[in-house]
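J.: Protein chains in written order, with this note's numbering: chain E, 11 to 381; chain A, 11 to 381. Virtual Cβ for every residue (Gly too), placed ideally from N, Cα, C. The model shown is predicted, which means the values in this text are computed figures rather than measured ones.
(1) Give the list of continuous alpha helix (DSSP H) stretches no shorter than 4 residues that lie fully inside the segment 98–168 of chain E.
(2) Under 9 Å between beta-carbons, which chain A residues line up against residue 227(E)? List them in chain order, please.
(3) Are the CB atoms of residue 46(A) and residue 28(A) nearer to each other than 7 Å?
(4) Less than 8 Å between C-beta atoms, sequence neighbours within five positions excluded: which residues of the same chain meet that for residue 177(E)?
(5) Would you list, in sequence order, the uninterrupted beta strand (DSSP E) runs of no fewer than 3 residues that lie entirely inside the segment 162–245 of chain E?
(6) Going by the DSSP bridge assignment, what does residue 25(E) pair with across the sheet?
(7) So if I threshold CB-CB distances at 7 Å, which residues from the segment 11–39 of chain E count as touching chain B?
(8) In chain A, what lies closer than 7 Å to residue 136(E) by C-beta?
(9) What did DSSP end up calling residue 70(A) once you bin it into helix, strand or coil?
(10) Could you tell me which chain A residues have their CB closer than 8 Å to the CB of residue 122(E), listed as they occur along the chain?
(11) Looking at the strands, I want to know which residues DSSP matches up with residue 320(E).
(12) Closer than 8 Å, Cβ to any Cβ of chain A: which residues of the segment 95–122 of chain E, in chain order?
(13) Give me the chain A residues within the contact set of residue 44(E), using Cβ-Cβ distance strictly less than 9 Å, ordered along the chain.
(14) Whose C-alpha, out of 293(E), 245(E), 173(E), 244(E), is nearest the C-alpha of residue 268(E)?
(15) Is it true that the segment 183–201 of chain E meets the segment 257–273 of chain E, where meeting means three or more beta-carbon pairs spaced less than 8 Å apart?
(16) Which chain E residues sit within Cβ distance under 7 Å of residue 149(A)?
(17) Check whether the segment 72–88 of chain E and the segment 132–141 of chain E touch, using three or more Cβ-Cβ pairs below 8 Å as the test.
(18) Please list the terminal residues of the continuous alpha helix (DSSP H) segment that includes residue 63(A).
(19) For a test of the three-state rule: what should DSSP assign to residue 301(E), helix, strand or coil?
(20) 7 Å is my cut-off, CB to CB: does residue 144(A) come that close to chain E?
(21) Just the C-alpha distance for residue 120(E) and residue 98(E), rounded to the nearest angstrom, thanks.
(22) Beta-carbon within less than 7 Å of residue 49(A)'s beta-carbon, same chain only, minus the 5 sequence neighbours each way: which residues are those?
(23) Where does the unbroken alpha helix (DSSP H) through residue 287(A) begin, and where does it stop?
(24) Do residue 64(A) and residue 172(A) have their C-beta atoms within less than 7 Å of each other?
(25) Using a Cβ-Cβ distance under 7 Å, would residue 365(A) count as near chain E?
(26) In this structure, how does DSSP classify residue 280(A) when only helix, strand and coil are distinguished?
(27) Measuring CB atoms only, is the segment 276–294 of chain E touching the segment 357–369 of chain E, in the sense that at least three cross pairs come out at less than 8 Å?
(28) Helix, strand or coil: which one does DSSP assign to residue 36(A)?
(29) For the beta strand (DSSP E) containing residue 350(E), name the first residue and the last one.
(30) Is residue 302(A) near residue 346(A), with beta carbons less than 7 Å apart?
(31) In the DSSP assignment, what residue or residues form a beta bridge with residue 372(E)?
(32) If we cut at 7 Å on Cβ distances, does residue 315(E) have a partner in chain A?
(33) Taking residue 89(A) as part of the beta strand (DSSP E), name the residues at either end of that continuous run.
(34) According to DSSP, is residue 5(A) helix, strand or coil?
(35) Alpha carbons only, please: which of 357(A), 103(A), 143(A), 128(A) is nearest the one belonging to residue 122(A)?
(36) From residue 276(A) to residue 105(A), what distance separates their C-alpha atoms?
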């Protein structure tokens, strides 16, 4: 069977960088927040090798922003997350799980505090804009909520600081992890954050001007030839190795933050008011998570795509399901994430992963994976 | 350049029918409501010929349902749409645009009234579940809202009645347009509606049991061999010929229902309470739409995919943008939908469509297209 192409339409939105991404020969796309996201340029393994040793420029325009501003903006942001936002300062990027009144995960975005009364919720793949707008309307809050024309561009890899400094100046090196600065390029001020969906280090530039953004894109490639800069994208192998969960893959609206290992972002004793507080308190009183996302290593020299949850058993009993998987060349084994029941979640527990190629013996691992 | 494949992951959810669709050799996919939707099996033109002459079975599991039930269910449904839902009866499918407080289009679903206090909102491509949940929480409504495990299967084409009758019995012929009945197959009761996203007639079966659903799928193919039943999917050419707009393509949250020609679903004088009422009344007082979706016919023997809005001019002036396009073999011309400004919206107005292949002369058309 031929692998189906992604049929293109206006609905699966392009980014300002799509023509460049296609000129670079993108081989795979996914759709994320109704927008195109590249998944592979050479092979997933070659992209991985390069990401871990050089520097890549990623079109992550699909990381949509939900802008919340106005007198009640800070209140709405706090209502949406169990993380205590009191101490988040302007210039900070705060990872903040969003939950509903039952404690179910709505999304796991990074919130950028642009001003005391203005935020960008940099979202994973669900329409947070509708959740926020519904809440604001229903509660009569004085806020403005919309998805601005902002398309992040990520610069990731061990040489990301060098490349970014060549374009934005040496001050990028001073930006701390999960902080942002406003830096100029071609006379335009860009939000530049030290963040990104890899563990190789780097920046995300929040491009809010398509034309200057393209000039920036080209300047990164022109300026980085000797650094072997290449186009890239979130890499399946690297993100599993690095313990980065994906909303929609590893956690869904069926899960609560405790199951996702996000306890430290649930500040139940901080005296803050947020949606789902009672539900999370009740879950905590009942002993917290009954299952949790763990790493799993399992035998195999290659690994099929995990396109549906794979059953995981331990001692013949149902022990959970595996949700992302890849072969890790550097670890020399298959690796993945699995939602694992309490009885089997101790690192080291032997499990069987029911892959489409048959059962594979594996072992539960703490995260990040230990080599 | 190679056309990028759709990279598969759990996040772009499969349906229970995906293995069948792939065994049938699906060539193109899109992602719709975070779920796979086939776009082509043979060629778009061959699929179109077959759809217009025979019968097809479509996996439209991506047509997700948002179930709203409970004491305030009817109230919330009415709050979400300017359509007067008072006269909608149990067993009816009601096309109902959803708008926000500014009158902006959130989605354009079909609402199935299952009981006085239970509805399915059969959605286009946006997370209506989050909008509904946000409103319900904010307003303190007594409702339960979730996305049930329901995957519609459509039977479309001129022979759809014959095929469906062979599987569900002759009573399917009595189902009126946009009504549903509950009919048995293998001892399970299915919601069967006379509806579907083509103009060739047919049914949508709301499959809420994956296993019996697969048996149903297979029974439709086994029972329809002499009818030349084939796998199919919404067809770009046929849906444009038929005047079926697509949310995300032809209308977005940037549009109001008047611009989408949905005036008759805006019952502003019915004395009903809904979100966006004041905004729509104000728009109406200002003369209604200043631009509207029209058909456009334009020269050409073939047509590239419209993956971004194409500018439309008239007399050298900006007149709008074209959002969906295809070559229609039966009409013998290229056809499309465009949001056209008032000064140029009269049917017959000559326009120029700026396609990626250069400017093409065209003409504004009423909808449905006249041959």
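T.: Working from what's here:
(1) Counting only runs of at least 4 residues, the segment 98–168 of chain E fully encloses the following alpha helix (DSSP H) elements, listed from N- to C-terminal order: 138–149.
(2) Counting from one through the first chain, the residue named residue 227(E) turns up at place 217. Residues of chain A passing the Cβ test: none, with the nearest at roughly 18 Å.
(3) Within the second chain, the letter at position 36 stands for residue 46(A). Within the second chain, the letter at position 18 stands for residue 28(A). With respect to residue 28(A), residue 46(A) sits close: the two C-beta atoms are nearer than 7 Å.
(4) Here residue 177(E) corresponds to residue number 167 of the first chain, with the count starting at 1. Excluding positions up to five away in sequence, the list reads 195, 226, 229, 230, 233.
(5) Those beta strand (DSSP E) runs which fall completely within the segment 162–245 of chain E and span 3+ residues are 190–195, 198–203, 212–217, 240–242.
(6) Position 15 of the first chain holds residue 25(E). DSSP lists no bridge partner for residue 25(E).
(7) Checking the listed chains, one finds no chain B in this structure; the protein chains it contains are E and A.
(8) Working through the first chain from its first residue, we reach residue 136(E) at position 126. What residue 136(E) touches in chain A: 137, 140.
(9) Start at 1 with the first residue of the second chain, and residue 70(A) comes out as number 60. Correct three-state label for residue 70(A): coil.
(10) The residue given as residue 122(E) occupies position 112 in the first chain. Residues of chain A with a Cβ closer than 8 Å to the Cβ of residue 122(E) do not exist, since the nearest Cβ in that chain sits about 21 Å away.
(11) On the first chain, residue 320(E) is found 310 positions in, with the first residue counted as 1. For residue 320(E), which the question treats as bridged, DSSP gives the partners 332(E).
(12) Flagged, chain order: 110, 111, 116.
(13) Working through the first chain from its first residue, we reach residue 44(E) at position 34. For the C-beta of residue 44(E), the chain A residues within less than 9 Å are, from N- to C-terminus, 41, 135, 136, 258.
(14) As a first step, residue 268(E) is located in the first chain; it is residue number 258 there, counting from the start. Ranking the options by Cα distance to residue 268(E), first place goes to 293(E).
(15) Not touching, per the Cβ criterion.
(16) To locate residue 149(A), count along the second chain from 1; it is residue 139. Residues of chain E passing the Cβ test: 148.
(17) Because the criterion of three Cβ pairs below 8 Å is met, the segment 72–88 of chain E and the segment 132–141 of chain E touch.
(18) Taking the second chain and counting its residues from 1, one reaches residue 63(A) at position 53. That run of the alpha helix (DSSP H) goes 54–63.
(19) In the first chain, counting from the first residue as 1, residue 301(E) sits at position 291. In the structure shown, residue 301(E) adopts extended strand secondary structure according to DSSP, grouped into three states.
(20) For this step, residue 144(A) is matched to residue 134 along the second chain. The beta-carbon of residue 144(A) is placed less than 7 Å from the nearest beta-carbon of chain E.
(21) On the first chain, residue 120(E) is found 110 positions in, with the first residue counted as 1. On the first chain, residue 98(E) is found 88 positions in, with the first residue counted as 1. Residue 120(E) and residue 98(E): Cα-Cα distance of roughly 12 Å.
(22) Your numbering for residue 49(A) matches position 39 in the second chain. Around residue 49(A): 38, 39, 40, 243.
(23) In the second chain, counting from the first residue as 1, residue 287(A) sits at position 277. Counting along the chain, residue 287(A) sits inside the alpha helix (DSSP H) bounded by residues 287–295.
(24) Within the second chain, residue 64(A) is the residue found at index 54, counting from 1. Within the second chain, residue 172(A) is the residue found at index 162, counting from 1. Going by beta carbons, residue 64(A) and residue 172(A) fall outside the 7 Å limit.
(25) Within the second chain, residue 365(A) is the residue found at index 355, counting from 1. No, residue 365(A) lies away from the interface with chain E (no Cβ there is under 7 Å from its Cβ).
(26) If you number the second chain from 1, residue 280(A) lands on position 270. Of the three classes helix, strand and coil, the one that applies to residue 280(A) here is coil, per DSSP.
(27) Taking 8 Å as the limit for Cβ pairs, the verdict is that the segment 357–369 of chain E does not touch the segment 276–294 of chain E.
(28) Counted from its first residue, the second chain places residue 36(A) at position 26. Residue state, collapsed to three classes: coil.
(29) Along the first chain, read from residue 1 onward, the residue named residue 350(E) stands at position 340. Segment 343–351, the beta strand (DSSP E) holding residue 350(E).
(30) As a first step, residue 302(A) must be located in the second chain, where it is residue number 292. As a first step, residue 346(A) must be located in the second chain, where it is residue number 336. 7 Å or more divides the Cβ of residue 302(A) from the Cβ of residue 346(A).
(31) Sequence index remark: in the first chain, residue 372(E) carries index 362 (1-based). Residue 372(E) is bridged by DSSP to 308(E), 361(E).
(32) What you label residue 315(E) is simply residue 305 of the first chain in a count that begins at 1. Chain A contact via Cβ: present.
(33) The sequence position of residue 89(A) within the second chain is 79, counting from 1. Bounds of any beta strand (DSSP E) do not take in residue 89(A); it lies within the alpha helix (DSSP H) bounded by 83–90.
(34) This structure leaves residue 5(A) out entirely; chain A is present only between 11 and 381.
(35) Within the second chain, residue 122(A) is the residue found at index 112, counting from 1. Per the Cα distances, 103(A).
(36) Your numbering for residue 276(A) matches position 266 in the second chain. Your numbering for residue 105(A) matches position 95 in the second chain. Each residue's Cα considered, the two are about 11 Å apart.
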